[in-house]
Amino acid sequence: MTLKIYNSLTKEKEEFKPVEKNKVKMYVCGMTVYSDAHIGHARTYFAFDMIRRYFEYKGFEVTYVQNITDVDDKIIAAANKEGIDALEYSKRYADRCFADLDKLGIRRADIYPKASETVPDMIKLTEKIIDNGFAYESDGDVYFSVEKFKDYGKLSGQKLDDLMAGARIDPADKKKNPFDFALWKKSKPDEPSWDSPWGAGRPGWHIECSAMSSKFLGLPFDIHGGGMDLRFPHHENEIAQAEAATGKDFAKIWIHIGLLTVDGDKMSKSIGNIVNVKDLLEKWDSEVIRFFFAQAHYRSPPDFSEKALKNAKKGLARIHRVKEKLVACASRKIGEINDKDLVPNEKNYLKEIVDFKTSFVSAMDDDFNTPQAVSIIFDFVNSSNRFFEKATKLNSYICRFALDTLLELGSILTLFQTSKIKNSILDDDLLKKVQRIADNYEINVKGKTMEESIDLLLKKREEARTKKDWGTADGIRNDLDKIGFEIQDTVDGPVWRKK
RNA sequence: GGGCGGGUAACAAAGUGGCUAUGUGGCGGACUGCAGAUCCGCAUACGAGGGUUCAAAUCCCUCUCCGCCCUCCA
140 MTLKIYNSLT KEKEEFKPVE KNKVKMYVCG MTVYSDAHIG HARTYFAFDM
190 IRRYFEYKGF EVTYVQNITD VDDKIIAAAN KEGIDALEYS KRYADRCFAD
240 LDKLGIRRAD IYPKASETVP DMIKLTEKII DNGFAYESDG DVYFSVEKFK
290 DYGKLSGQKL DDLMAGARID PADKKKNPFD FALWKKSKPD EPSWDSPWGA
340 GRPGWHIECS AMSSKFLGLP FDIHGGGMDL RFPHHENEIA QAEAATGKDF
390 AKIWIHIGLL TVDGDKMSKS IGNIVNVKDL LEKWDSEVIR FFFAQAHYRS
440 PPDFSEKALK NAKKGLARIH RVKEKLVACA SRKIGEINDK DLVPNEKNYL
490 KEIVDFKTSF VSAMDDDFNT PQAVSIIFDF VNSSNRFFEK ATKLNSYICR
540 FALDTLLELG SILTLFQTSK IKNSILDDDL LKKVQRIADN YEINVKGKTM
590 EESIDLLLKK REEARTKKDW GTADGIRNDL DKIGFEIQDT VDGPVWRKK
C-alpha cells in the first residue's frame, strides 16, 4: 500500500517518498494574527492536521512547522490605531486564535516560529540571495529580481511575459521589474524595525517562510502547504528565494487546500460574511465541524452553511449510535471464543470489518480521500446495524474487535476525540434542567447525578407505559428531548443518548 | 489576457473504461401504543455535441457554463 499525494508543483499524483527514511517534514503557512481565527483557517489547518495524523498512522515520524506572522502592514495599522505595540497586539490575537483552534480539536503543530523572532535568519538569507546575484538594494529596500531566476513561475504555471500582459501593477519606482518583490523594507516611523546591512527596516512577507522552513527542516523538505490562495505569488516567491539562496531544491511536494465559501460566496470582509470559529463553537459541537470538513476533499472548495452542518450532525449521530451500541456490547463479559463457534452472521460481519479497514486505508492512501473514507465509515455503520438486527445473541469479542476498528479509523478523521476541557458550567446547567423535569413528575432526585436522574425518569415512564398512560410517557420523552436527550424504546428497554 | 480547478440524481459529495458509492431529504414496507432508532425495498445522475471502444460519467476533440488566482488573504 503506497501513499499517493497530488503535488501542485507537478500537477500529478505522486507516490510519496520521504527525503529521510520514515520521516515527514512538513511546513504550512500559518496565520497573520490580527483578528480572530475564522472557519477558513479552521478548514485549512484541519486538513493539515488530518494529513499529519495519517502520516503518523502510516508509521512516519512527523515534524510539523507552522509560522506565525506577527509583523505585517495590517497588524501595524491595527496596533497603531489602538495605540499599542504591534508585537503586543499580535501576541494577543495569536493567543486567541490558538485557543479557538484548540477548542475545535485541531492538534497544534510541533514548532511555531514567529516572524519577529526569526529576523536574523531572514537577513542572512537575504544577504545570500544578494551575493548570488538574485536581488538588489534600492534606497534601503531589497528586492528579488524575478528575471534572474529562470524557474520563476514553475509552481503557478505563470510565465513572466504573460504576467506582464495582464499586469495591473503601478510601475514602482524602486523596482526594476514590477514583479520584483521586497525581501527587506526600509522602516517608516511608528513601525517595528530591525538593524540590517541596508539600514533599519523589516523583512518582506515572503522571506519569512523561506527562512523558517529551511531553518527548522533543512532543504529539501517533504511537504509545503497552505491555502490555495497562497500559491501565487507567495509560494512562488518562497521557492525563488530559497532556491536562489541555496541552490538546493526547496519543498518536494506542494499541497494546496481548496478555499471554503460561505453560502456560495467567497468569504471576505467586504461581503461581511466572515464566520469566526469562536461564534461557531457556541452553536455547534467541534466534532460536527470537523466531520463537515472531512466530508469534502481537501482540494475541493467546500461550501459552508447551516444546512451543511445540520447534515453533518445527523450523519455523525448515526455513527455515534453504532459506536454506543458496540461499546455496550463489548463491555459484556464473555470469554474468548473459537472461530468454529461463530454463526454465519458473525463470520460475515468480521470479514466485512476487515474489508472496510482495507478500503478505508486505500481511500486515504489515494491523496487523503476523506470523503471516500467517510463513506466507508458509513458502510461500516450499515453493516453493524445489520449485524445487530440479525444477531440472536451478542458476542462481546466481536463487538470489541468492531469497536477497536471503528475507533482506529475514526481517529484518523479526528472523530471520537474526548473533550479534554470539561464544561462544568454547561453540565451543571443540564443537571438543573433534568432535575426540574423530575420535579414536574414528582420524582425526588435530590443528590442524584444526571445519569441517575434520567434513569429514574425513564423508570417512571416505563410505569406509565405499562398503564398505557401515554400522556405521561410521551411527556417525559418530549421534555427530555427538548433539553437535548434522545430517547428510544428498544427490546432491551429504553435507552437514551445526548444529542 | 494568462494560469489553475470544476459542472454527477432534490441537496451535499466520491468515483474516473464494464461491478449498488456514501450522507441528508423523498416514497413504500417491517418493527412500535405512538414517536424515534433500525432493517428491507423504490425513485431521481453523470453540462452539450461529436469521436475511439464489444463497452464511456470515466479516454480524445469541439462547444458551453461556473469558481478561484494574477493585489493582502488559510
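The first sequence begins at 140 in the numbering used here and counts up by one. In this text, a Cβ means the ideal position worked out from N, Cα and C, and glycines have one as well. Just so we're clear, the structure is a prediction, and the values are computed from it rather than from any experiment.
If the five residues before and after K572 are omitted, its C-beta is found closer than 7 Å to the C-beta atoms of I622, all from its own chain and listed in chain order. In the structure shown, the three-state DSSP call for F624 is strand.
Distance from D239 to K417 at the Cβ level is roughly 5 Å; contact confirmed, criterion being Cβ atoms closer than 8 Å. Inter-residue distance for G365 and G169 is about 8 Å (C-alpha atoms, whole angstroms). The beta carbon of T400 is closer than 8 Å to those of M406, P440, P441, D442 and F443 in its chain, skipping five residues each way along the sequence. When beta bridges are read from the DSSP output, V634 appears opposite Q627.
P510 and A186 have their alpha carbons spaced roughly 12 Å apart. Residue environment: I410 is assigned as exposed (fewer than 16 neighbouring CB atoms within 10 Å of its CB, all protein chains considered). Around the beta carbon of D361, 16 or more other beta carbons sit within 10 angstroms, so the residue counts as buried. Unbroken beta strand (DSSP E) runs of no fewer than 3 residues, entirely contained in the segment 358-405, are found at 360-366 and 390-396, following chain order. In the structure shown, A530 falls within a coil segment according to DSSP collapsed to helix, strand and coil.
Of the candidates P483, F199, L481 and V513, V513 places its Cα closest to the Cα of G454.
Contact between T605 and G244 is absent: CB atoms are separated by about 43 Å, not below the 8 Å threshold. Here L322 carries a strand assignment [DSSP, helix/strand/coil]. Taking the CA atoms as reference points, T141 sits about 8 Å from S501. Around the beta carbon of E528, a 10 Å sphere encloses fewer than 16 other beta carbons of the protein chains shown; the residue is thus reported as exposed. For the options A435, I582, L420 and D504, the alpha carbon positioned closest to that of K242 is the one of L420.
In the DSSP assignment, A603 falls within the unbroken alpha helix (DSSP H) covering M589 to T605. For A435, no alpha helix (DSSP H) run applies, since DSSP gives it neither H nor E.
Each of L448, G357, D424 and D319 was checked against the Cα of Q434, and the nearest Cα belongs to L448. S522 carries a helical assignment under DSSP once its states are collapsed to helix, strand and coil.
In the DSSP annotation of this structure, the continuous segment of the beta strand (DSSP E) that includes S277 starts and ends at A274 to S277. Burial check for P328: the Cβ neighbour count within 10 Å stays below 16, so the residue is exposed. One Cα belongs to F499, the other to L548, and the distance between them is close to 8 Å. C-alpha of K315 to C-alpha of S277: approximately 9 Å in a straight line. Counting C-beta atoms within 10 angstroms of its own C-beta, G340 has 16 or more neighbours from the protein chains shown and is therefore classed as buried. In this chain, T149 is not harboured by any beta strand (DSSP E), its DSSP state being neither H nor E.
Y203 is positioned such that its CB atom lies no closer than 8 Å to that of R192. For M165, the three-state secondary structure derived from DSSP is strand. In terms of CA proximity to S229, T171 leads the group K598, K587, T171 and S522.
Annotated as distal: D188 and R235, with beta-carbon spacing of 8 Å or more. Comparing alpha-carbon positions, the option among S295, A233 and A218 lying closest to K150 turns out to be S295. For the pair L322 and F283, the CB atoms are nearer than the 8 Å cut-off. In this structure, the straight-line span from the alpha carbon of W609 to that of I576 is close to 17 Å. Per DSSP, reduced to three states, the secondary structure at D424 is coil, with no helix or strand assignment.
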